[in-house]
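Chains as they are written, first to last, in our numbering: chain A, 1028 to 1285; chain B, 1028 to 1285; chain C, 1028 to 1285; chain D, 1028 to 1285. Ideal Cβ placement from N, Cα and C applies to all residues, glycine included. No experiment lies behind these values; they were computed from the predicted model shown. Comments concern the structure below.
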C-alpha cells in the first residue's frame, strides 16, 4: 500500500548519526537549476540514499527506463557524512513536485519531518529566478527566513533585491522556508538567475559555487561546466539560425526595391 | 508540521478576558474594501495579535519581503481591549482566502471556533459590492443573518436592496454569516459599493464610517482619506488620458471632411 | 462548525413513526423538472421539515433574500404523514447538488442514511430528460434498479427506451438508484422529456401526474399548470419574434430583386 | 453507504483457495486493448466473479441498460481455477478508471490488496501503445518491474524499446507495476501497438496471443477475430470514402485546365 505521503527510511537516522547536518533541496523548477545542483552534489559526493518518498500527489503513472523496467514517481533524500570542513549533508532530489496545491503542503511537512529526524540545523533550497531573457552572467538571488541569515548570505555574494522574486517562491523551495520558520529552523533559498525558457546548467554552476563557499565544500564543477558549454553551443546555433533567417528575410525585403 | 487548517493561539482567550467582543472580518475581496478597513482598524487601534492561521488551502508558496526575508501565507486575528464606549474587538485580517471550494468551509469553521473561544457575541464581515462602474458617492449595502439585525443596521444608514448582491456573498464574508447563524451568533456583512475594477479606499472609508457609528468607535480616517485622494488623482489622470485619446481620435476623424 | 456533510435532524425519525414511507428526490437538474415537482409536493401537502443537510460540497457562499437576510446553501427533507391511500412520504428538496465529483457520493450516502433511518421502503428520484428541441407533449421516461420495478412502472405509462438516457443519469437522481440497489432498497427515476434549454413546468406536470398515479396521491396541479401557461406564452412570444425577424430578413432579401 | 474505495468480496479468498494465481488487469485505456483482452478471457474461461469495487473516484452517475435497469460504476475481479497447465487467474475488468489523480493511487492500493489476499504471485497489466497511425501488424511492447521479468518476456516475443512508451504508462496499468514492485510482487505490462484512434480488437488479439503463450493458456480467439474483421471492414470503408473524396476533388481540380 502506498500512503498519501509515504516516507520510507532506508537508513535509520539514529544509526547514521549525522552531526548538525544541513538539508539541501533541489527538486524540479525554473530552469531545473535546483535539480541540476542537487543531482550533481549527490553524484560528486557519492552520497548514500537514506529515504524514499512516494505520494498520491505525484502523477498517477510510472516512467519507463531504457532496460525495459519501470520507475514509480518518488523523491529521495541522500546523506553525506563529511570528512572535510563541510557539514554533514541531507540532499533532497527527485523528478516531481506535487501536482495538487494541498499536496505541496503535505510533502513539505514530510520533508521537514525527515530533516528534524536527522536533526538538521539549516535548510538551503535551490532554484531558478526566471527573468525572461538570456542571462550571460548568472548571479544568485537569495531569500531567507531570518534577517540574520540574509546578512550572512550577503557576505557570500548572494544578492537580495527588494521583494524579488515578485511572484513569491512557489512550491517546495518556498514552502520549506516558511514551514522551517515555524519550526525554528533557519532556511534560505538560493536562486540562480536564468531565462526561465530552458534547462540552465550555467545558472546551476553559479548556485553551486555560492553553495560551496557557504558550506566550505569542494567538489568538481566539471560536469556542470560541460553541460553548460553544450547548452551554449546549442544557444549559439539557435541564434545563428535566427540571424540567417532574418538576413534572408532582409534580402527578400530588399528585393522589392531592385 | 503545518496542519490542514492550523490555528495557533499567541494569546490565550482565557487570559485576554474580552468582554462580549465583536468579531470583524476583513479579508481580500472585491475592491479590497473589507481588507482596507480591517487593516486600518488594526493599525489605528494598535490592536494586538492573538491568533495566526495557516492552511493547506492557501497558495503553496511564500512571499518575499523587501528585507530579503519571506512570509508564509497566513491570516491573523487581532484583539482590541476597549477603553471607550466601543465594545472589545477581534479583527481578522490577512492576504488570502481559500483557493479551493472546500477550504472556504474549513477556514470559516476555524474563524467561528476562534470567535467562540473569545466569546464573541456578534460578527461583522466587511467587503465590497461591485457595480461595474465608477462610484462617486459610495454607500453601504448590508446583509444579515437575522431580521432584527437588518432593522438595526437600517438605522445606521445601511441600505438593503431586494436580494442584492444578486450573485450572493462569496467566500468568508458570506459563509461567516451562514455558519454563525447555525451557531446562534448574530452576524452582518457591510459592503461598500465600488466599481469592482480597482482597490477602493473611498468605498472603504464609507464602510468604516458606518462601522464606527455601529460600534460607537472613533478612529482617524485620515490614512484612508489620503489613499482615496491618491486614487482619485490616478483615476482623474486615466480619465484625462482617455479623453485626450478620444479628442485625438475625434480630430483624426474630422480630417476626412477637410 | 459545519461538517463536510452535515445532517441535522429537526424531527426524530423514531418520534415521527412513518409507515413504510416512500422517499422522493427533486433536486436541481435538467429543466429543473425534478425540483419543480418536489417543491410543488412539499407546498401542496404542507409537508413538515424533518432534516437539513449542509455540506462543504455546496458552493462556498450565502444567498441574499429580499428581506435583507441571508441563506446558507442547504438541502432539506420534508415528511408527509398520509391520511389517504397514499403512503407516507419523505421529500428531498434544495437548491444545490454537489459541485465536486466526490461530493455527489458523500451526499448520496447521507440521503440514503436518512432514508434508512426513516425506514423508507422505496425511492423515486425525479428529473428531466433533455432531448434538445421543444417538447409539445412531454412524456415520462423511466429507469429503475430492479426489473420488477421496471415492469410495475410500465403499467403507469412510464416509458423505457433502450439504454436511454444515453449518457446515463448524472448526480443524485442517478446515484441514489445505484446506492439504493446496493442497500437493497427499490428505487426508480422518473424523467420528464424536456428541451433541456429552460425551466419546464409542463414536463414537471407530466412527471407529477405519473407520480400521483403511482402513489395513489391526489394534489392540485394548478400551480404547475399556471407556470406552464406562462412559460408557453413566453415561448410563443420568442417564436413570434424569431418569425418576424425572419420575415423582415426575407423582405430585405427580396429588395435585391426589385 | 458507499465507501471512498469500497471493496466487496463475493467469494472469500480463503474459501476459493487459488494456487499461486496470476493477476491480470484489463481496464479501459488506449484502444481499449487491455479491456478487450480481459473481458474476452472472463467470458471464454467462464471465470467467476469474486470481488466488486465501487469508488467515489468513478463518475458520479449510473448507466442505463436496455432492460430499463441501471448500473452503478464498478470494477470487478473474476477468478478462474485452472484445470490445465495454466496457473489460476484473477482478472480485473470494468468500465472505469479513476477520474481524479489521487483516486488512481487509492484504487491501485485496493487492487494490490485484493491480489495479496488471494496470494497472487504475479501481475500482468494489459493496455495499448498508441503510435498515431494505423497498425497493420500489431506487436506487443512490454515493461516490467524487474529485469528478470524483462528477459523472460523477451522469450515470448515481447518487444522492449528504449524508454518506450515515452510518456510513461498512465493509470492502473502503470501504477500497478510500481506499487507491486514496492510490495515485492513481480509485474509486467503488455501493450499492443495501436493507432490510439479507435477500439482495436486486432491489437487485443496480438496481446492475447502473447499472454496465452506466457500463461500456457488456450482459449478461442474467434470472438476477437470477428470483431477485428468487422473493424477492418469499417476502416476499409472509411479509406474508400476518403479516396473517392480525394478522387472527386482531383477531378474538380483538373477542371480548371480543361
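In this structure residue 1075(D) does not touch residue 1116(D) by the C-beta definition: roughly 11 Å separates them, more than the 8 Å allowed. At a cut-off of 7 Å between beta-carbon atoms, residue 1201(B) makes contact with chain C. The closest CA to that of residue 1245(B), considering only 1109(B), 1049(B) and 1124(B), is found on 1109(B).
Minimum Cα-Cα distance from residue 1156(C) among the listed residues 1066(C), 1040(C), 1230(C) and 1274(C) corresponds to 1230(C). Per the DSSP secondary-structure output, residue 1102(A) pairs in a beta bridge with 1080(A) and 1121(A). Around the Cβ of residue 1268(D), a 10 Å sphere holds fewer than 16 other Cβ atoms; the residue is exposed. Judged by DSSP in its simplified three-state form, residue 1035(D) adopts strand.
For residue 1208(A), the enclosing alpha helix (DSSP H) begins and ends at 1199-1210. 1126 and 1127: these are the residues of the region 1126-1143 of chain D whose beta carbon lies less than 8 Å from some beta carbon of chain C, given in chain order. In this chain, the beta strand (DSSP E) harbouring residue 1214(D) covers 1213-1221. In summary, residue 1093(B) is exposed, with fewer than 16 beta-carbon neighbours lying within 10 Å of its beta-carbon over all protein chains present. The region 1146-1196 of chain D is shown to contain whole alpha helix (DSSP H) runs of 4 or more residues at 1174-1181, in chain order. Taking the C-beta atoms as reference points, residue 1172(B) is found no nearer than 7 Å to residue 1142(B).
Nearest to residue 1210(D) by alpha-carbon distance, out of 1139(D), 1113(D), 1128(D) and 1080(D), is 1139(D).
Classified as exposed, residue 1247(B) has fewer than 16 neighbouring CB atoms from the shown chains inside 10 Å of its CB. Taking the C-beta atoms as reference points, residue 1168(C) is found nearer than 7 Å to residue 1218(C). Taking the Cβ atoms as the reference, residue 1058(B) lies roughly 22 Å from residue 1205(B), outside the contact range of under 8 Å. In the displayed model, residue 1273(D) falls within a helix according to three-state DSSP. Against residue 1171(C), the close residues of chain D are 1095, 1096 and 1097, in the order they occur along the chain (beta-carbon pairs closer than 9 Å). The residue among 1079(B), 1070(B) and 1227(B) with its C-alpha nearest the C-alpha of residue 1061(B) is 1227(B). Counting of Cβ neighbours within 10 angstroms places residue 1052(C) among the buried residues, the total reaching 16 or more.
Between residue 1126(C) and residue 1165(C) the beta-carbon gap is near 29 Å, outside 8 Å, which marks them as no contact. Non-local C-beta neighbours of residue 1063(D) in its own chain, meaning closer than 6 Å and more than five positions away in sequence, comprise 1228 and 1231, ordered along the chain.
Shown in chain order are the members of the region 1080-1093 of chain A whose Cβ falls below 9 Å from a Cβ of chain D: 1081, 1082, 1083, 1084, 1085, 1086, 1087, 1088, 1089, 1090, 1091, 1092 and 1093. When the five nearest sequence neighbours on each side are left out, the beta carbons in the same chain lying within less than 6 Å of the beta carbon of residue 1090(D) are those of 1098, in order along the chain.
In the three-state reduction of the DSSP assignment, residue 1265(B) falls in the helix class, which pools H, G and I. For the 7 Å CB-CB criterion, residue 1068(B) and residue 1118(B) form a contact. In terms of Cβ geometry, residue 1122(C) and residue 1081(C) do not form a close pair [threshold 7 Å]. Here residue 1149(B) is not near residue 1078(B), since their CB atoms are 7 Å or more apart.
Across the set 1234(B), 1135(B), 1175(B) and 1220(B), the C-alpha of 1234(B) shows the shortest separation from the C-alpha of residue 1066(B).
At a cut-off of 7 Å between beta-carbon atoms, residue 1273(D) makes no contact with chain C. Note on geometry: alpha-carbon atoms of residue 1241(C) and residue 1151(C) lie some 10 Å from one another. Those residues of the region 1172-1196 of chain A placed with their C-beta closer than 7 Å to a C-beta in chain B are 1172, 1173, 1174, 1177, 1187, 1189, 1190, 1191, 1192, 1195 and 1196, ordered along the chain. Taking a contact as a CB-CB distance under 8 Å, the pair residue 1214(A) and residue 1202(A) does not count as one, their CB atoms being some 10 Å apart. Closest by C-alpha distance to residue 1088(A), out of 1212(D), 1194(D) and 1264(D), is 1194(D). The C-beta of residue 1029(B) comes closer than 7 Å to at least one C-beta of chain A.
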